[in-house]
Amino acid sequence: MILKTEGIVLKRFDFRETSRIATFFTRDHGKIKGVLKGIRKDHKKFGSNIDQFSVNDIVYYFHRDAELHLVGQCDLKAFFFKIRQDIKRTLAASYALELVDSIMPMEEKNELIYDLLLRYLHTLEDTDDVSKLVHVFQIKILLLSGFRPYLDSCVVCQAKISPKMHFSMKLGGLICENCYGNDHAATHVSRGTIASLVHIEKGEWKNILRLRLTALTQKELKFILNNFLVYHLERHMKSARFLNHKR
Ligand SMILES: [Zn+2]
13 MILKTEGIVL
23 KRFDFRETSR
33 IATFFTRDHG
43 KIKGVLKGIR
53 KDHKKFGSNI
63 DQFSVNDIVY
73 YFHRDAELHL
83 VGQCDLKAFF
93 FKIRQDIKRT
103 LAASYALELV
113 DSIMPMEEKN
123 ELIYDLLLRY
133 LHTLEDTDDV
143 SKLVHVFQIK
153 ILLLSGFRPY
163 LDSCVVCQAK
173 ISPKMHFSMK
183 LGGLICENCY
193 GNDHAATHVS
203 RGTIASLVHI
213 EKGEWKNILR
223 LRLTALTQKE
233 LKFILNNFLV
243 YHLERHMKSA
253 RFLNHKR
């Protein structure tokens, strides 16, 4: 079966003498792995060098029983020069690719996450606040992939948000003063940060980018989001490995 779609290169490596294998996150078929035969020998064979985070139109031969598909055509659509010229932007792009790669199973379509990644890369070229954009991406991908932290009330007793809330990685959300005993590792989180988290989660892309974050909120978001993602992704990946092993 021949399939045609648009895909973002998550990673790539050289294969045998002249070929290259790439993992694409595609709009229509999710994450796929493809081999581009002869790409290192004949530079005109493909219209793209399949650089990381480039966007390409690809045509590939889908094998139902194989994990690796044969890519017949690959044409570059977006290269993101401005990201590549700046180390901070390049790292921010690589980080997003890694997150998508860890969260998305093979060949599972998720157009919302595809659009999020594409929009993130385009915004990353021009934004003057890379850290804020990374936080926006983290919050949105948590929401879209079903790992959303619980922010509506205390996750244990449902008490309303108060100025004395803590964030618990283990319980996956906010806990109130009375429930702090359930997780002594929970860290205090200010009301402003909770409001920013909710605003970013629910808000439109354009409005979110205009949001100003205080120094305290930036610090708290960085701590909570980085740790929350590591904590949940590790558990997610362990269970995925376990399931693969069982099969
Ligand atoms: Zn509580």
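Number 196 in the numbering used here belongs to position 184 of the sequence shown; there are no gaps in the numbering. Note that CB positions come from ideal geometry on N, CA and C, so glycine has one too. Computed from a predicted structure; not experimentally measured.
Asked: Pull up the distance between the alpha-carbon of Gly59 and that of Asp40, whole angstroms please.; Found: 20 angstroms
Asked: For Ile187, is the beta carbon positioned less than 7 angstroms from some heavy atom of ligand 1?; Found: yes
Asked: If distances are taken between C-alpha atoms only, which option among Gly42, Thr35 and Leu237 comes closest to Leu145?; Found: Leu237
Asked: Ile187: buried (16+ other C-beta within 10 angstroms of its C-beta) or exposed?; Found: buried
Asked: In angstroms, rounded to a whole number, what distance separates the CA positions of Asp87 and Leu223?; Found: 36 angstroms
Asked: In terms of residues, what are the limits of the alpha helix (DSSP H) holding Ser143?; Found: Val142 to Leu156
Asked: Run the proximity test for Val168: is its beta-carbon closer than 7 angstroms to any non-hydrogen atom belonging to ligand 1?; Found: yes
Asked: Using the three-state DSSP reduction, which class does Thr229 fall into: helix, strand or coil?; Found: helix
Asked: Please tell me whether Leu163 and Leu124 are closer than 8 angstroms, where the distance is taken between their beta carbons.; Found: no
Asked: For Gly193, does the count of other Cβ atoms within 10 angstroms reach 16, so buried, or fall short, so exposed?; Found: exposed
Asked: For Met118, collect the residues of the same chain with a Cβ closer than 8 angstroms to its Cβ; drop the 5 residues on either side in sequence, then sort them by chain order.; Found: Gly42, Lys43, Ile44, Lys45 and Glu79
Asked: Are Phe37 and Leu22 closer than 8 angstroms when you measure CB to CB?; Found: yes
Asked: Look at the alpha carbon of Gln170 and the alpha carbon of His200, and state the distance between them as a whole number of angstroms.; Found: 17 angstroms
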